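**Student:** Read top to bottom, the protein sequences are chains A and B.
Under the working numbering, the final residue of the first sequence carries the number 238; numbering is consecutive throughout.
Under the working numbering, the final residue of the second sequence carries the number 476; numbering is consecutive throughout.
Below is the structure I would like to discuss, written out as structure tokens.
There are 2 protein chains.
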Amino acid sequence: MNISQRSRANPPEPLRNCPACPVRNVSVCSTLDTDSFAELTSIGMELSIPAQTTLFSEGDPVHSVYSVVRGVLRDFRIMPDGQRQLVGFTLPGELVGALLGPTQPYSADTLGPVVVCRFPRTAFWDYFSRTRRSVQGVYGSAARDLGLVYDQLSLLGARSAERKVASFLVGFRDRWHRGGAGSLVPLPMTRQDLGDYLGLGISTVSRTLTALARRRLIVIVPGGVRILDHAKLEELTR
Amino acid sequence: MNISQRSRANPPEPLRNCPACPVRNVSVCSTLDTDSFAELTSIGMELSIPAQTTLFSEGDPVHSVYSVVRGVLRDFRIMPDGQRQLVGFTLPGELVGALLGPTQPYSADTLGPVVVCRFPRTAFWDYFSRTRRSVQGVYGSAARDLGLVYDQLSLLGARSAERKVASFLVGFRDRWHRGGAGSLVPLPMTRQDLGDYLGLGISTVSRTLTALARRRLIVIVPGGVRILDHAKLEELTR
DNA sequence: CGAGTTGTTGAGTGTATTCAAACGCGGTGG
DNA sequence: CCACCGCGTTTGAATACACTCAACAACTCG
């Protein structure tokens with residue numbers, strides 16, 4: 001099922017209640033000045049997307065960027081041989097969709113039910129050229145597309161499975177809790193997804209997680225893990 | 239040795255002979271209209287940089303972007319444990335330096351003697367906001383920072399050394415010859431560099447290359463390799 | 001020509017993988 | 001309510017592969 005099929009079932013709706021938005025204060029919206037925020041509110045549309053639905057595909061011409069309100073997106077490329085390489089996950093409060101460039105560099109689909117705000121990309125360009133001093137604010141939300149990718153490069157370059165998994169858990173924890181405290185790391189993706197993201201086999205992911213659990217660094221709970229020993233886990237990433 | 243030490247020895251020079259520039263027709267300069275090109279020419283400075291010299295470091299505030307005229311840059315990050323992860327190589331005709339964001343996401347140094355043109359980043363922003371329709375032109379040169387990184391993600395996600403090396407050779411060949419024909423792939427970096435780029439040990443890189451040579455897919459020549467069987471090599475990347 | 005660096009190759013080890021089987025859980029239908 | 005099924009996950013055994021350590025060769029540079 002793709003987005004066009006879906007949108008017939010759940011048509012876009014104008015933004016009505018931004019103040020109550022769960023990511024109002026962390027998303028790109030929090031970086032805008034009052035006028036720009038009002039403008040964005042007036043042109044943004046809210047989409048509710050079912051689980052396992054493609055939001056956009058690699059190579060699609062870019063018309064919109066999306067701010068994730070609820071749920072998690074899986075970003076991936078399909079290699080010539082059919083092998084899938086996950087290039088990231090988009091969490092609530094994060095932007096997805098190329099800010100630059102004519103086409104999407106990867107595909108994105110939903111891990112579960114997802115709510116996003118859709119904005120015409122030109123709105124960001126306008127904002128970009130109008131208030132250059134805030135470029136860094138918009139960039140803060142777009143940082144996924146740059147800094148985070150380099151982080152993942154470093155992650156994939158790691159030689160041991162333990163290190164990859166530990167790095168992933170620590171990074172995902174920080175993103176999920178936005179740097180704040182918090183030990184619960186939701187893992188809404190399958191082990192297969194994790195393997196495709198980390199460059200590991202599915203069994204290796206599972207084995208590594210259980211090994212960490214046996215050493216009491218984490219506990220595996222339904223839908224994720226709980227980190228018991230943050231210090232030791234971070235030690236493994238170095 | 240870093241760039242500030244170096245620049246005393248080889249001071250920046252104004253651009254005098256752009257028409258004779260070896261990358262005049264492939265670099266970012268080729269994407270600009272006449273006026274913008276004239277403006278860029280007037281503010282750009284040419285730098286000659288010795289081998290093994292740092293151009294900028296991760297975390298540096300970004301004032302300039304650089305267009306490589308001659309030579310190759312090595313782009314890398316240093317991990318907390320001292321391990322180095324190469325995130326790319328910058329070839330002649332390509333841009334390096336963050337177009338967005340306050341700081342450089344990685345360090346860059348020279349593999350050999352390098353000549354670059356330095357431009358204030360704001361010049362690109364001005365151009366960006368002035369001629370929105372040409373964003374894609376500038377983006378074409380900045381694509382390294384987006385599309386190419388995703389390519390490398392896919393590369394690092396590969397499970398076998400053979401596939402990584404083959405993918406690297408094919409990709410590097412295409413970039414070097416800009417999609418055109420050509421069998422010679424210069425490899426100005428060390429095997430250690432290749433290993434840090436591909437997430438492999440130095441001996442594995444060496445073994446894999448000799449294995450490819452034994453199968454007559456490539457020949458190892460001084461300073462690079464020559465591809466004998468393009469089809470079979472590309473087959474290995476899938 | 002000698003010293004230092006970079007690259008190759010061999011032997012042995014360790015780790016991730018493949019293949020396969022069993023387990024747990026949620027959903028469906030009898 | 002319970003048996004069954006499908007899917008994802010865990011775990012085991014055997015294999016394949018990349019790594020470390022180390023010696024040697026080739027090349028660069030003084």
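Think of the CB as a built atom: it goes at the ideal place given N, C-alpha and C, for glycine as much as any other residue.
Here the structure is a predicted model, which is why all the values come from computation and not from measurement.
Roughly how many whole angstroms lie between the Cα atoms of residue 240 (chain B) and residue 156 (chain A)?
**Tutor:** The pLDDT assigned to residue 240 (chain B) is 49, lower than 50, so where the model puts this residue is not dependable, and the model offers no usable value.
**Student:** DSSP three-state call for residue 346 (chain B): helix, strand or coil?
**Tutor:** Strand.
**Student:** Compare the C-alpha of residue 392 (chain B) against each of A:217, A:79, A:160 and A:202 and name the closest.
**Tutor:** Nearest of A:217, A:79, A:160 and A:202 to residue 392 (chain B), Cα basis: A:79.
**Student:** Shortest alpha-carbon distance to residue 388 (chain B) belongs to which of A:62, A:75 and A:228?
**Tutor:** Ranking the options by Cα distance to residue 388 (chain B), first place goes to A:75.
**Student:** Quick check: residue 330 (chain B) and residue 308 (chain B), are their CB atoms within less than 9 Å of each other?
**Tutor:** Cβ atoms of residue 330 (chain B) and residue 308 (chain B): closer than 9 Å.
**Student:** Report the three-state DSSP secondary structure of residue 246 (chain B) (helix, strand or coil).
**Tutor:** Annotation note: pLDDT 44 at residue 246 (chain B) (below 50); position unreliable, coordinate value reported separately. It is helical.
**Student:** Do residue 110 (chain A) and residue 19 (chain A) have their beta-carbon atoms positioned less than 9 Å apart in this structure?
**Tutor:** Not in contact: residue 19 (chain A) and residue 110 (chain A) (Cβ atoms no closer than 9 Å).
**Student:** Provide the residue(s) that pair with residue 304 (chain B) in DSSP beta bridges, ordered along the chain.
**Tutor:** According to DSSP, which records beta bridges pairwise, residue 304 (chain B) is partnered with B:334 and B:356.
**Student:** Measure from the alpha carbon of residue 176 (chain A) to the alpha carbon of each residue in A:11, A:23, A:17 and A:10, then state which is nearest.
**Tutor:** Of the candidates A:11, A:23, A:17 and A:10, the one whose C-alpha sits nearest the C-alpha of residue 176 (chain A) is A:23.
**Student:** Just checking my contact of residue 465 (chain B) with residue 421 (chain B) at CB under 8 Å: how many whole Å lie between their CB atoms?
**Tutor:** Their Cβ separation, rounded to whole angstroms, is 5 Å, which keeps residue 465 (chain B) and residue 421 (chain B) in contact under 8 Å.
**Student:** Please decide whether residue 387 (chain B) counts as near chain A, where near means a Cβ-Cβ distance under 9 Å.
**Tutor:** Cβ-Cβ to chain A under 9 Å: yes for residue 387 (chain B).
**Student:** Would you mind telling me which residues of chain B sit closer than 7 Å to residue 152 (chain A), beta carbon to beta carbon, in chain order?
**Tutor:** In chain order: 391.
**Student:** Tell me where the beta strand (DSSP E) around residue 88 (chain A) begins and ends.
**Tutor:** From DSSP, the beta strand (DSSP E) with residue 88 (chain A) extends over 84 to 90.
**Student:** So, for residue 470 (chain B): in the same chain, excluding its five sequence neighbours on each side, which residues have a beta-carbon less than 7 Å away from its beta-carbon?
**Tutor:** Correct list, in chain order: 455.
**Student:** Could you name the residues of the stretch 44 to 60 of chain A whose beta carbon sits closer than 8 Å to any beta carbon of chain B, in the order they occur along the chain?
**Tutor:** The residues in question: there are none.
**Student:** Using a beta-carbon distance below 9 Å, is residue 317 (chain B) in contact with chain A?
**Tutor:** Interface residue, yes.
**Student:** Quick check on residue 336 (chain B) - is its C-beta less than 9 Å from some C-beta in chain A?
**Tutor:** Output row for residue 336 (chain B): interface = yes.
**Student:** Just to make sure I have the definition right: I need the residues of chain B whose C-beta is within less than 7 Å of the C-beta of residue 156 (chain A). Which are they?
**Tutor:** In chain order: 391, 394, 395 and 437.
**Student:** Is DSSP giving residue 101 (chain A) helix, strand or coil here?
**Tutor:** Coil, per DSSP.
**Student:** Could you tell me if residue 33 (chain A) is buried or exposed, where buried requires 16 or more neighbouring beta carbons within 10 angstroms of its beta carbon?
**Tutor:** Exposed, by the Cβ-count rule.
**Student:** So, does the CB of residue 196 (chain A) fall closer than 9 Å to a CB anywhere in chain B?
**Tutor:** Yes, contact with chain B.
**Student:** Return the CA-CA distance between residue 11 (chain A) and residue 46 (chain A), expressed in angstroms with no decimal places.
**Tutor:** Their backbone Cα atoms lie some 9 Å apart in a straight line.
**Student:** Is it the case that the stretch 317 to 327 of chain B contacts the stretch 439 to 457 of chain B, given that we only count it when at least three CB pairs across the two stretches are under 8 Å?
**Tutor:** In short, these stretches do not touch, since the Cβ pair count stays below three.
**Student:** Would you mind telling me which residues of chain A sit closer than 8 Å to residue 476 (chain B), beta carbon to beta carbon, in chain order?
**Tutor:** Those are 79, 80 and 81, listed as they occur along chain A.
**Student:** Classify residue 52 (chain A) as buried or exposed, calling it buried when 16 or more other Cβ atoms lie within 10 Å of its own Cβ.
**Tutor:** With fewer than 16 other Cβ atoms within 10 Å, it is exposed.
**Student:** Where residue 342 (chain B) and residue 353 (chain B) are concerned, what is the direct C-alpha to C-alpha distance, given to the nearest angstrom?
**Tutor:** Straight-line Cα distance between these residues: approximately 20 Å.
**Student:** Is the beta carbon of residue 424 (chain B) sitting closer than 9 Å to the one on residue 462 (chain B)?
**Tutor:** For residue 424 (chain B) and residue 462 (chain B), yes; Cβs fall inside 9 Å.
**Student:** So the alpha helix (DSSP H) residue 214 (chain A) belongs to, where does it begin and stop?
**Tutor:** Run containing residue 214 (chain A): 202 to 214, per the alpha helix (DSSP H) assignment.
**Student:** Based on the DSSP output, what are the partners of residue 279 (chain B) in its beta bridges?
**Tutor:** Note: residue 279 (chain B) sits in no beta bridge, so no partner.
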